[in-house]
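Position in the sequence shown (first residue = 1) + 3 = this note's numbering.
We put the beta carbon where it would ideally sit given N, CA and C, even for glycine.
Accompanying notes for the structure given below.
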Amino acid sequence: MVRICLVTVSSLLLLATVACSTTGSPDSMKPQPLPVDPKSILTAFDLSAPMDIVTANAAIKAVAQSRDAADDALLRERIACYRRFLVTRCLADVTSRERLVDSRIDAVEVAANQVLRENAALELNRRTAIALEERAAASAAEAARTLDNLKAFEARIESAEKARIEREREAPELERRAQALRVDRERREKENALRRDESATRAAQDAVFAAEREKRLEENQLRLQAREAREKAQRDQRLLEEARRREQLSAPPPAQAPASMPRP
């Protein structure tokens, strides 16, 4: 579209120039514009050397400005060609230099865009690599936590199994002790019953002291029951403490509580 417009403008200017030259217009006496030198286009950018990001951005801006300036200067040269005698040769020279100018501008633009694309690709690769590293680190941490939880679970299962085996091993001894306690209690109950029978017999034989003997018997019975209750409580307490000690020996050591929390 731009080229078509330029050709149309050039054609109109050609007709106007021819008309003016036939009428002897003073435009034919105007100075000729300086020819555009393709070697002077974008000389600040050396395509043989590596281009950094800053230079590439500057080159993109310079390409747009240089293209506009070159198109304007070449258009002026074409207009001036129509005031010359060898119009065709002049236009051919302008066209040849235009191709060189466009080639130089395009080369700088392509090199700058290539640098920008490579930098964008490198930045994308860097961000992707960082994301992959973060994802790998998160996966490793999650795997470590899972392994720790599995080890803790297995340790709890093993501790519970050891406690069960210990209880099963001590069950006969506990049963034997309980049986001994029941036999002893039955023996004492028989002895008490025998004493009560003897006291009743003596009370029947001695009516005078029956009331006193009955009172003493009741007091003895109360003292005996109190003593049996104390002995039974002491035995139960000893059995409970022994069971607790065995459970503490078989149970795994508790985890260290934080310093800021009270010990249970």
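Secondary structure note for residue 149: its alpha helix (DSSP H) is the uninterrupted segment 90-208. The continuous alpha helix (DSSP H) containing residue 83 extends over residues 56-84. In the three-state reduction of the DSSP assignment, residue 52 falls in the coil class, being assigned neither a helical nor a strand state. Classified as exposed, residue 123 has fewer than 16 neighbouring CB atoms from the shown chains inside 10 Å of its CB.
In this model, residue 119 and residue 158 are separated by some 58 Å (Cα to Cα). Nearest neighbour of residue 111 by Cα position, chosen from 208, 220, 41 and 36, turns out to be 41. In the three-state reduction of the DSSP assignment, residue 36 falls in the coil class, being assigned neither a helical nor a strand state. Here the region 96-112 makes contact with the region 64-78; the two share three or more CB pairs at distances below 8 Å.
Residue burial is scored here from C-beta neighbours: residue 160 has fewer than 16 other C-beta atoms within 10 angstroms and is therefore classed as exposed.
By the neighbour-count criterion, in which a residue is buried when 16 or more other Cβ atoms sit within 10 angstroms of its Cβ, residue 80 is buried.
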